[in-house]
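Numbering (the numbering used here), first residue to last: 20 to 388.
Each residue gets a CB set at the ideal place from its N, CA and C atoms; glycine is no exception.
Take a look at the structure set out below.
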């Protein structure tokens, strides 16, 4: 049967996003596929050595960050709510002028309006809230504005979320559009002032693209509910938590490969007459480990939410502990259960094998066992 320590570490690595999201409390580990575009991701062929490597390289820290904005009274732009108001239940909303948001011709145009350094965004308004994954850049902005930094959990959003790749795609579309406009203007023989205006817009698209890449930016469309926001303590603390989770993922990635290897070895080294039974134990152990991590992790996550640990690295203490405990119990229980079912389904064959092995008559088979 699978080793206790192996299952304890193995289950800690499992991506439990769907499990805990269903309980309203995302667990802060996820695969890249959950939010494409957060990091450069180039899958490689799956193999025993590659699986662990990919899990280590592409462990994703799901949180984004925002330095709360002080607003701009001269332009009529309201400030973000204070951290105290947010923790009391107030949402973050997009910054719009008193006249509201003027509709854009496309999502790409709205993205450009929101990300460009200059232009008419303050007059036209946008439906976006900027967040970033580059901790250093966000904290530098917070230092300039004197505003606190908050952590945004995109798993908790109830509105559309645009990833960095979505924004880059939008700005690339705008760059192509502006390039076409410039080519048409040159062909039509427009004046230098008109051409300069288009070239300035072309440069603005490039600067916006660099800003999105620099902040590793994402956009929330509409509002960010208070339930998705938690205070970020400091740059050092956030980095330490992130590296801690990546370290856990490294251990899990290595152990999952090792676990598969030991399972195969155990089946291969089992005597021929016991091989099917050992195989059933291993299958039951793996299935039980997954199921136990899912079920108990979910229960612990719900308990954490009741205690106020709803989002942020603190969720590790609840969802993570539950996942490890449930994985251990589930793995052992799954292996024992699979063995019981196998014995039940193959009782006659087992009895016959046992009788032959010890040379006992069929009437004494139970004694032989």
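Between the alpha carbons of residue 349 and residue 306 lies a distance of about 8 Å. Assigned with DSSP and collapsed to three states, residue 164 falls in helix.
Only buried fits residue 81, as 16 or more other CB atoms lie within 10 angstroms of its CB. Sixteen is the threshold: when 16 or more other Cβ atoms of the shown chains lie within 10 Å of the Cβ of residue 99, as they do, the residue is buried. Judged by DSSP secondary structure, residue 84 falls within the beta strand (DSSP E) whose first and last residues are 83-86.
Residue 91 has 96 as its beta-bridge partners, per DSSP. Taking C-alpha positions only, residue 149 is separated from residue 236 by approximately 7 Å. The secondary-structure analysis by DSSP pairs residue 170 across a beta bridge with 84, 249.
DSSP, reduced to helix, strand and coil, places residue 136 outside both helices and strands of the structure shown, so it counts as coil. Under the Cβ criterion (8 Å, minimum of three pairs), the stretch 184-196 counts as touching the stretch 123-141. Residue range 236-240 is occupied by the beta strand (DSSP E) that includes residue 237, with no alpha helix (DSSP H) assigned at that position. A direct Cα-to-Cα measurement between residue 93 and residue 144 gives close to 15 Å. DSSP, read as helix, strand or coil, puts residue 181 in strand.
Contact between residue 242 and residue 113 holds, with the beta-carbon distance rounding to 7 Å and staying under 8 Å. Comparing alpha carbon positions, the residue from 157, 151, 204, 159 closest to residue 172 is 151.
With fewer than 16 neighbouring CB atoms inside 10 Å of its own CB, residue 259 falls in the exposed class. Looking at the backbone, the Cα of residue 285 and that of residue 174 are separated by about 40 Å. Around the C-beta of residue 198, fewer than 16 other C-beta atoms lie within 10 Å, and the residue is accordingly described as exposed. As the crow flies, the alpha-carbon of residue 310 is around 19 Å from that of residue 361. Non-local C-beta neighbours of residue 136 in its own chain, meaning closer than 8 Å and more than five positions away in sequence, comprise 223, 226, 227, 230, ordered along the chain. Annotation for residue 160: 86 place their beta carbon closer than 6 Å to its own, counting only its chain and skipping 5 residues before and after. In chain order, 244 place their CB closer than 7 Å to the CB of residue 177, counting only its own chain and leaving out the 5 sequence neighbours on each side. For residue 147, the enclosing beta strand (DSSP E) has its first and last residue at 147-151. DSSP places residue 104 in the uninterrupted alpha helix (DSSP H) bounded by 102-106. Distance from the CA atom of residue 308 to the CA atom of residue 352, rounded to whole angstroms, is 9 Å.
The closest CA to that of residue 292, considering only 217, 365, 314, 276, is found on 365.
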